[in-house]
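J.:
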Amino acid sequence: MMKPTWTSEARRDLSDKLRQHADGELMHIFRAANPTEIIVKQRFRGFSDEPEKKLIIAVEILSPTNSSAHVVKLGNTDDVAGDCQAWEQCAQRRGVASRLFIAPISGPVSEHRQATIYPDVYQYYFDNGRADQPSELEAVVDTCIQSDVPASGSIERVLSQVYTEAFRCFYHSAKEDPSFEAVDLGVKNSLRYGQSNDVLALWQQPTYVGLRRGAAWLTCCSRKPDSLERPLYVDPVDYAAWAIEHRKYPKMLVGSAHGDLHGRNVIVGTVRGEAEWPAVFDFDKMADKNLIAWDFAKLELELKCRLFQQLIDSEEERAELRSILRLPQKPPFPDSIQLTGEERRIGQRVELMEIMFAIERLLDDWTKQISSRSRATKLDAAFEPDISASTALGRAVRIIARIRKEAALFLGFERGRENYWQDEYYFALATYGVVTAKWHSADDHLAWALLSAGVACANLSQLPWPPDSESPPDVSQVPSHLHLLPYAYRCWNERDRRNPDELLDRGITSLREGIVRFPHAIVLKEQLALLLSTTNQPENHELARREVEPLYKLACVFRDHELLSRLGRIYKDRADRLCDGSFTHAEMLEGALPAFQAYQASLKYYKLAYDFSHDYYPGINAATLALLVGDHELKNQLANEVLAICSQLPLDRVDQEWILASEGEACLLLGNIDRAKHFYSHALDRLLPSETGKKESMAKQIRRIGWPTHPKPIASLEDLFH
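Here the sequence shown is numbered in our numbering, starting from 242 and rising by one per residue.
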């Protein structure tokens with residue numbers, strides 16, 4: 242018998258010693274076929290390529306009477322025997338026979354070595370050495386995204402065939418687990434929960450916390466702290482820990498499933514530019530108490546993490562995607578801000594993560610539109626917003642959406658569970674996104690997994706929302722840092738209606754506990770700074786500054802105008818306290834007194850916040866501060882811009898009184914007293930008698946403007962507030 246022949250691709254990265262050892266084992270395994278030639282055509286590397294332990298190869302056997310093609314696993318018995326054992330448990334005993342799920346055969350090689358053979362896996366394929374030879378599904382999806390060959394519609398059909406056959410052979414007998422015991426065990430095992438290599442503990446390491454901080458900051462920095470709208474992103478690590486502790490699981494189907502379905506253990510042929518004839522192997526994780534949703538979620542997430550990254554590699558590709566996804570144009574980064582190398586690296590990742598997040602939200606929008614069986618099964622069902630299949634992004638999201646449609650069908654509509662499948666699928670996606678830290682470092686692959694999992698968590702009906710803003714939250718029991726914000730903001734917002742010190746102290750205590758539990762949540766520091774700066778204790782004002790000022794350059798990277806505005810307010814209040822009546826405005830300017838320096842710092846931060854957001858709030862504050870530091874040209878420019886911005890805002894917004902007050906303030910800065918009175922009058926009409934704090938804030942801003950200008954016209958405006 243001749244020694245096996247290895248193609249160059251199959252022997253790549255293999256040592257001569259290992260290849261020679263495999264030659265002997267292959268000749269031993271196939272000796273009964275009396276082969277004239279054994280050809281090793283391909284090596285399947287999986288995600289953990291350890292050929293010394295487990296070598297997976299495509300082998301063609303030629304003999305005088307016939308030929309056959311198999312996938313063969315060679316390795317230590319402990320590493321390769323599981324395929325046959327799992328198949329016997331889940332399929333053979335049930336009489337499962339399938340062309341797509343290939344029954345493995347065990348072949349002992351030596352005392353400690355074994356072969357698992359998936360026979361005739363290649364029998365339906367035409368191998369001519371070109372692009373249409375059989376390939377891993379991941380490779381086929383890759384070429385489809387890049388060049389539309391094979392066509393994305395044919396890959397959708399392949400996925401439908403895989404899941405339809407999986408349902409026929411395995412999923413149809415799955416049952417819900419009313420006790421949640423199997424769900425709890427499956428989740429804990431996947432996360433190595435409570436073990437020395439616990440995945441949740443891995444996420445607490447500094448590099449992983451940094452990634453979580455970036456995701457939370459990016460997705461929530463523009464969110465109002467008192468918002469009771471459902472968030473778009475929830476940190477999945479926090480949520481997973483909470484769900485396990487409180488056993489807050491959705492209803493999930495448990496039964497026989499592949500258990501490790503991904504893009505490298507599905508083989509696909511390509512014929513005439515179409516993907517055809519899938520075959521599935523690698524059954525070592527198959528079991529009769531698997532979570533069915535795992536087969537869908539793992540395939541989706543592995544394809545996204547490994548292939549979608551190439552969509553955003555170049556600056557031109559990112560610009561095109563921002564246009565397709567209708568992401569707003571970013572304002573230019575100020576030349577005055579000098580970033581460190583680490584801050585620049587974070588900025589580069591933020592740019593990528595912003596696009597990742599937009600794609601995840603697009604997929605979520607499409608998922609919510611899978612509202613019927615026909616929407617799940619039709620290849621040409623339209624979803625909004627439409628992304629053309631002529632683009633790489635359009636092809637990519639259609640392939641992922643097909644996996645979700647198959648999940649809707651076989652977790653939902655086929656089982657009469659159309660109201661449960663989405664929670665089930667999103668929980669699997671969230672859990673697997675956290676699990677991926679076992680295999681991915683804190684890189685862009687893991688960033689995509691994190692964002693995908695966080696968007697999934699935000700959509701789970703098990704997430705308690707909205708949080709109670711009336712009473713102090715139990716920080717140790719909430720699933721997310723976002724649950725702490727409404728109460729903390731209420732403590733600040735209602736400080737003028739009741740005992741302010743007691744209310745602020747409660748909010749400060751809650752936020753400080755939250756920062757310890759959620760170290761990735763910068764927004765908690767922002768809120769803490771706001772509350773500290775509002776107290777009557779001078780030492781708290783300095784603590785507020787120290788809490789957030791070290792973050793200001795990163796706030797610029799994330800375009801976080803809220804944090805920058807917090808700093809602006811801290812310095813503005815400090816300057817006000819320094820203006821004790823012992824000097825005039827002119828003397829402050831001439832001597833560049835500490836009050837002047839504090840107003841300058843305040844202007845710097847408010848102006849940065851305005852440049853990044855073009856929001857009227859930091860804009861009008863920057864305009865008034867420009868007056869206080871003597872920059873009249875900037876004052877006039879900003880006041881006119883704020884008037885233009887406010888004139889385009891509808892007055893059915895919850896902040897309508899502040900829009901009107903800002904217009905009044907802008908008119909006052911431009912010297913139009915009568916018009917200012919008009920706007921202030923309408924702003925005051927929208928205040929309740931109990932909202933004295935808002936009224937005082939407006940009046941205080943008028944007094945600031947009156948200090949460097951003429952007091953008499955200002956006095957006539959102040960009369961409105963009495």
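Backbone N, C-alpha and C fix where the C-beta goes; we use that ideal spot for every residue, glycine too.
So does the segment 465-473 actually touch the segment 700-713, counting three or more Cβ pairs closer than 8 Å?
T.: Contact between the segment 465-473 and the segment 700-713 is present, because at least three Cβ pairs lie under 8 Å.
J.: Is it buried or exposed, T933, if we count other Cβ atoms within 10 angstroms and call 16 or more buried?
T.: Working through the sequence shown from its first residue, we reach residue 933 at position 692. Exposed, since its Cβ has fewer than 16 Cβ neighbours within 10 Å.
J.: I'd like the list of long-range same chain contacts for R433, defined as Cβ closer than 7 Å, with 5 residues on each side in sequence excluded.
T.: Within the sequence shown, residue 433 is the residue found at index 192, counting from 1. Correct list, in chain order: D439 and V440.
J.: In the DSSP assignment, what are the bridge partners of E517?
T.: For this step, residue 517 is matched to residue 276 along the sequence shown. In DSSP, E517 forms a bridge with G510.
J.: Could you please give me the residues that DSSP links to K295 through a beta bridge?
T.: For this step, residue 295 is matched to residue 54 along the sequence shown. Its beta-bridge partners are G316.
J.: Tell me which residues share the same chain as A940 and place their Cβ nearer than 7 Å to its Cβ, disregarding the 5 neighbours each side in the sequence.
T.: Within the sequence shown, residue 940 is the residue found at index 699, counting from 1. Contacts found: E959 and F962.
J.: Is the beta carbon of E266 sitting closer than 7 Å to the one on V350?
T.: Along the sequence shown, read from residue 1 onward, the residue named residue 266 stands at position 25. Along the sequence shown, read from residue 1 onward, the residue named residue 350 stands at position 109. Yes, Cβ-Cβ distance for E266 and V350 is below 7 Å.
J.: Find out if the Cβ-Cβ distance for the pair R807, A833 is shorter than 7 Å.
T.: As a position in the sequence shown, residue 807 is number 566, starting the count at 1. As a position in the sequence shown, residue 833 is number 592, starting the count at 1. Cβ atoms of R807 and A833: not closer than 7 Å.
J.: Could you say if the segment 766-786 and the segment 748-758 meet the contact criterion of at least three C-beta pairs nearer than 8 Å?
T.: Contact holds: three or more Cβ-Cβ distances are below 8 Å.
J.: Should L542 and Y673 be called a contact, given that it needs their Cβ atoms to be closer than 7 Å?
T.: Taking the first residue of the sequence shown as position 1, residue 542 is located at position 301. Taking the first residue of the sequence shown as position 1, residue 673 is located at position 432. Yes. Within cutoff.
J.: With a 10 Å radius around its C-beta and 16 neighbouring C-beta atoms as the bar for buried, classify Q778 as buried or exposed.
T.: Taking the sequence shown and counting its residues from 1, the one referred to as residue 778 is at position 537. It is exposed - the Cβ of Q778 has fewer than 16 other Cβ atoms within 10 Å.
J.: Could you check the C-alpha separation between A233 and L341 for me, to the nearest Å?
T.: Nothing about residue 233 can be reported from this structure: the residues present for the chain run from 242 to 963 only.
J.: Classify F668 as helix, strand or coil using the three-state DSSP reduction.
T.: Position 427 of the sequence shown, counted from the start, is the residue given in the question as residue 668. Reduced to three states, the DSSP call for F668 is helix.
J.: Between the segment 912-920 and the segment 777-794, can you find at least three pairs of beta-carbon atoms closer than 8 Å?
T.: Judged by Cβ distances under 8 Å, the segment 777-794 makes no contact with the segment 912-920, as fewer than three pairs qualify.
J.: Go to R284, then tell me how far its beta strand (DSSP E) extends in each direction, as first and last residue.
T.: Translated into positions along the sequence shown, residue 284 becomes position 43. Its beta strand (DSSP E) spans residues E278 to F285.
J.: Please list the terminal residues of the continuous beta strand (DSSP E) segment that includes D529.
T.: As a working note, residue 529 is residue 288 in the sequence shown. A528 to L532 is the extent of the beta strand (DSSP E) around D529.
J.: Any contact of the segment 654-672 with the segment 479-495, i.e. 3+ C-beta pairs under 8 Å?
T.: The segment 654-672, when compared against the segment 479-495, does touch it at the 8 Å Cβ threshold.
J.: Which residues mark the beginning and the end of the alpha helix (DSSP H) in which Y224 is found?
T.: Residue 224 lies beyond the range of the chain shown here (242 to 963); nothing can be said about it.
J.: Using DSSP with H/G/I as helix, E/B as strand and the rest coil, what is P859?
T.: Position 618 of the sequence shown holds residue 859. DSSP places P859 in helix when its eight states are reduced to three.
J.: Would the beta-carbon of T248 fall within 7 Å of that of K314?
T.: Position 7 of the sequence shown, counting from 1, holds the residue named residue 248. Position 73 of the sequence shown, counting from 1, holds the residue named residue 314. For T248 and K314, no; Cβs fall outside 7 Å.
J.: With three or more C-beta pairs closer than 8 Å as the rule, is the segment 674-694 touching the segment 718-734?
T.: The answer is no - the segment 674-694 does not touch the segment 718-734, with fewer than three Cβ pairs under 8 Å.
J.: For the alpha helix (DSSP H) containing S938, name the first residue and the last one.
T.: Here the question's residue 938 lines up with position 697 in the sequence shown. Per DSSP, S938 belongs to the alpha helix (DSSP H) from T933 to G947.
J.: Could you work out which residue in N913, I861, V870 and F271 is closest to I886 when comparing CA atoms only?
T.: The count along the sequence shown starts at 1 and reaches residue 886 at position 645. For the residues N913, I861, V870 and F271, the minimum Cα distance to I886 belongs to I861.
J.: Span of the alpha helix (DSSP H) holding P349?
T.: Sequence index remark: in the sequence shown, residue 349 carries index 108 (1-based). First-last for P349: I346 to P349, but that is the beta strand (DSSP E), not the alpha helix (DSSP H).
J.: For the beta strand (DSSP E) that V495 lies in, which residues bound it at each end?
T.: Within the sequence shown, residue 495 is the residue found at index 254, counting from 1. Per DSSP, V495 belongs to the beta strand (DSSP E) from L494 to A498.
J.: Please go through the same chain and pick out, in chain order, the residues whose beta-carbon is closer than 8 Å to the beta-carbon of R645, but skip the five residues on each side of it.
T.: As a working mapping, residue 645 is identified with position 404 in the sequence shown. Counting only Cβ-Cβ distances below 8 Å, and skipping sequence neighbours, we find F537, E541, L604, W607, T608, I611 and Y666.
J.: Would you mind working out which of F421, E711 and E278 sits nearest T188, comparing C-alpha positions?
T.: Look at the range of the chain in this structure, 242 to 963, and you will see that residue 188 is not part of it.
J.: Does the segment 381-394 touch the segment 629-637, meaning 3 or more C-beta pairs lie closer than 8 Å?
T.: Yes, since at least three Cβ pairs between the segment 629-637 and the segment 381-394 fall closer than 8 Å, the two stretches touch.
J.: Do the CB positions of C325 and S347 come within less than 7 Å of each other?
T.: For the purposes of this step, residue 325 is identified with residue 84 of the sequence shown, where counting begins at 1. For the purposes of this step, residue 347 is identified with residue 106 of the sequence shown, where counting begins at 1. Cβ atoms of C325 and S347: closer than 7 Å.
J.: Would you say R758 and V716 are within 7 Å of each other, going by their C-beta atoms?
T.: Taking the first residue of the sequence shown as position 1, residue 758 is located at position 517. Taking the first residue of the sequence shown as position 1, residue 716 is located at position 475. Closer than 7 Å, so yes.
J.: Within 10 angstroms of the Cβ of W236, are there 16 or more other Cβ atoms? Answer buried if so, exposed if not.
T.: In the structure as shown, the chain begins at 242 and stops at 963. Residue 236 is therefore absent and cannot be evaluated.
J.: For A842, which residues in the same chain have their Cβ closer than 7 Å to its Cβ, ignoring the five residues on either side in sequence?
T.: Taking the sequence shown and counting its residues from 1, the one referred to as residue 842 is at position 601. Cβ neighbours of A842 beyond the five flanking positions: Y812.
J.: Just to confirm, are F598 and T448 a CB contact at a threshold of 7 Å?
T.: Within the sequence shown, the letter at position 357 stands for residue 598. Within the sequence shown, the letter at position 207 stands for residue 448. In this structure, T448 does not lie closer than 7 Å to F598 by Cβ.
J.: For P760, collect the residues of the same chain with a Cβ closer than 7 Å to its Cβ; drop the 5 residues on either side in sequence, then sort them by chain order.
T.: Along the sequence shown, one-based indexing puts residue 760 at 519. Closer than 7 Å at Cβ, skipping near neighbours: V450.
J.: Run through the DSSP bridge pairs and tell me what E301 is partnered with.
T.: As a working mapping, residue 301 is identified with position 60 in the sequence shown. According to DSSP, which records beta bridges pairwise, E301 is partnered with I280 and A310.
J.: Nearest-angstrom Cα distance between A251 and V382?
T.: Along the sequence shown, one-based indexing puts residue 251 at 10. Along the sequence shown, one-based indexing puts residue 382 at 141. One C-alpha to the other measures close to 21 Å.
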